[in-house]
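What follows is a short report on a single structure.
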Amino acid sequence: MDHARSLLRWYRANGREFPWRTATVDPYVVLVSETMLQQTQASRVAEALPRFLERYPSIGSLAKAGNGEIIRQWKGMGYNSRAMRLRDAAKAVVRDHNGVIPSSPEILLSLPGVGPYTSAAVACFAFNKRVVVLDVNVRRVYSRLVKRQTYTTDVEPDEVLIPFATSVIPQRRSAQWHHAVMDLGATVCTARAPRCTMCPLADLCPSNDVLLAATRTRKQEPEFRGEPQRIWRGRFIEVLRGQKPHVSIRPARLFTLAAQSPLSSHEEEWFTAVLSRLETDGLIVQTGRGVRLAD
Numbered sequence: 007m008d009h010a011r012s013l014l015r016w017y018r019a020n021g022r023e024f025p026w027r028t029a030t031v032d033p034y035v036v037l038v039s040e041t042m043l044q045q046t047q048a049s050r051v052a053e054a055l056p057r058f059l060e061r062y063p064s065i066g067s068l069a070k071a072g073n074g075e076i077i078r079q080w081k082g083m084g085y086n087s088r089a090m091r092l093r094d095a096a097k098a099v100v101r102d103h104n105g106v107i108p109s110s111p112e113i114l115l116s117l118p119g120v121g122p123y124t125s126a127a128v129a130c131f132a133f134n135k136r137v138v139v140l141d142v143n144v145r146r147v148y149s150r151l152v153k154r155q156t157y158t159t160d161v162e163p164d165e166v167l168i169p170f171a172t173s174v175i176p177q178r179r180s181a182q183w184h185h186a187v188m189d190l191g192a193t194v195c196t197a198r199a200p201r202c203t204m205c206p207l208a209d210l211c212p213s214n215d216v217l218l219a220a221t222r223t224r225k226q227e228p229e230f231r232g233e234p235q236r237i238w239r240g241r242f243i244e245v246l247r248g249q250k251p252h253v254s255i256r257p258a259r260l261f262t263l264a265a266q267s268p269l270s271s272h273e274e275e276w277f278t279a280v281l282s283r284l285e286t287d288g289l290i291v292q293t294g295r296g297v298r299l300a301d
């Protein structure tokens, strides 16, 4: 309980404020926000969430959204396939659960596009279930608490972290606890330069003030013209998002608008492959007239 008492006291004074952290918790808002927060900064989600909820105020309205429509509403969020997976999950909730988002992590996990993290997060933050929620910040904090780490990049496997997490999550305060751990990892127990002297858990932490900076090795991504392929995918979607609904654009014109320069002959194979993958992912449609967002 020492962990809980110290951390929750710190959180009451230092916790971050976001639109999805409200006194009245709406499971639908939690599901949407947690999907948005995957691979997107919290500050960007805080700006986009109110706009998205204005367009889709309920699970039923989201379930009715078409691919092209929801991709347009996802503007600025990146990783557009998440929008369609979220819509598919909404469809399943309406079809199989009478429009009521389940509270069970196991049932949540059965929804289309909902993985272990999102199912646990919704159960925790929407229903205060005492489940273990592990994101990158939580894993880092727990790793440093459970065992003395050598480098700032050191992280213990989930098999070690889950039993520890289960032992420290306070009864009936799971949601508040997890918000606190996430905020501690984001602002104090950071990846590169942890501020151990500011940490409310410093006296309980075996890694306190002993971590050494590690040289990070970035995972190599496929590149085109010196930029990751995912950036180009996003640019092509952004151009199509700006077109009128159901209006196609010639592939060569799409490339020119996205790249601000024409497509050369030796680049055509790469571009064709990217368009094929976007179509396979359900983001675009290719016809004899050209390319457009999926319906």
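Residue numbers (this note's numbering): 7 to 301.
All C-beta atoms, glycine included, are put in the ideal place defined by N, C-alpha and C.
Length of the line joining the Cα atoms of residue i and residue j
i    : j    : result
A171 : C211 : 14 angstroms
L151 : A19  : 22 angstroms
L117 : G72  : 18 angstroms
Y62  : K70  : 9 angstroms
Y148 : L167 : 6 angstroms
T156 : D209 : 17 angstroms
G294 : E274 : 17 angstroms
A89  : I237 : 17 angstroms
E40  : S180 : 16 angstroms
K135 : P176 : 11 angstroms
S267 : F261 : 8 angstroms
L289 : C202 : 44 angstroms
K250 : Q45  : 28 angstroms
I243 : I77  : 8 angstroms
L281 : T30  : 43 angstroms
C195 : G21  : 14 angstroms
A96  : R154 : 43 angstroms
Y34  : G121 : 16 angstroms
Y123 : M42  : 13 angstroms
N214 : F131 : 29 angstroms
V137 : S125 : 10 angstroms
Bounding residues of the alpha helix (DSSP H) (the contiguous stretch that carries residue i)
i    : result
V144 : 142-152
K97  : 87-102
V139 : Careful: V139 lies outside any alpha helix (DSSP H) and carries neither H nor E.
T193 : 180-193
N20  : 8-20
D164 : 164-174
E112 : 111-115
I76  : 73-79
V280 : 274-286
S67  : 65-69
G240 : 235-247
Buried or exposed (CB count within 10 angstroms, at least 16 for buried), residue i
i    : result
A127 : buried
M204 : exposed
Q79  : buried
V106 : exposed
T158 : buried
R146 : buried
T278 : exposed
S173 : exposed
Residue range of the beta strand (DSSP E) that includes residue i
i    : result
L299 : 296-299
Q292 : 290-293
Cβ distance (whole Å) where residue i is taken to contact residue j below 8 angstroms
i    : j    : result
L263 : R298 : Not confirmed; about 14 angstroms, so no contact.
R84  : G240 : Just to set this straight, residue 84 is Gly in the shown sequence, not Arg. Rounded, the Cβ-Cβ distance is 6 angstroms, consistent with contact.
L207 : S12  : 6 angstroms
L14  : Q182 : 6 angstroms
D189 : Y17  : 6 angstroms
G82  : A54  : 6 angstroms
S110 : A98  : Incorrect: roughly 14 angstroms between the Cβ atoms, too far for contact.
Top-ranked residue by Cα proximity to residue i, from the options
i    : options                : result
V36  : E275, H185, A258       : H185
Y48  : A181, Q79, T30, W26    : Here residue 48 turns out to be Ala, not Tyr, going by the sequence shown. Checking every option, the nearest Cα to that of A48 belongs to W26.
D287 : W276, G296, A300, F277 : A300
S64  : G84, Q45, L92          : L92
N143 : A197, G248, P163, F230 : A197
L59  : W16, R50, V38          : V38
P234 : S254, A199, S270, W276 : W276
R50  : F24, L68, D102         : F24
G296 : H9, V137, S254         : S254
D164 : V187, V139, M188       : V139
H9   : S271, D215, V291, V187 : V187
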